Amino acid sequence: MNVLLEPFSYEYMLNAMWVSAMVGGLCAFLSCYLMLKGWSLIGDALSHSIVPGVAGAYMLGLPFSLGAFFSGGLA
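Under our numbering, read the sequence shown as residues 140 to 214, first letter to last.
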């Protein structure tokens, strides 16, 4: 049992779990809102259009958010 709980003794692991829970909650709320508005495919298309921008930012050594913002703006 200690082997399973050991990763949670590190601060970065707790931060990762906290951020994952926050992102999961935000995405759940946003997806429900988009379904009610009838824009469910817009969110899916936008998320897939951001991936090349993030990959390009990685290859150029730029912040991922900059690449995501730029490619999302082009979409």
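For glycine and all other residues, C-beta sits at the position ideal for the given N, C-alpha and C.
If you're wondering where the values come from, they're calculated on a predicted model, not measured in any experiment.
Review point. Should V162 be labelled buried (16 or more other beta-carbon atoms within 10 Å of its own) or exposed?
Key: So V162 ends up on the exposed side.
**Study point:** Selected residue, minimal CA-CA separation from F208, among M140, G192, Y172
**Key:** It is G192 whose Cα lies nearest to the Cα of F208.
Check your understanding: Does the segment 175 to 194 touch the segment 144 to 161, meaning 3 or more C-beta pairs lie closer than 8 Å?
Key -> No, because fewer than three Cβ pairs between the segment 144 to 161 and the segment 175 to 194 fall closer than 8 Å, the two stretches do not touch.
Check your understanding: Candidates G200, A194, L199: which alpha carbon is nearest G211's?
Key -> A194
Point to revise | P202 (DSSP reduced to helix, strand or coil) | key: coil
Exercise for review: Keeping to the same chain, check which residues put their C-beta closer than 8 Å to that of A155; ignore five residues upstream and five downstream.
Suggested key: Within the same chain, no residue comes within 8 Å of A155 by CB-CB distance, once the 5 residues on both sides are set aside.
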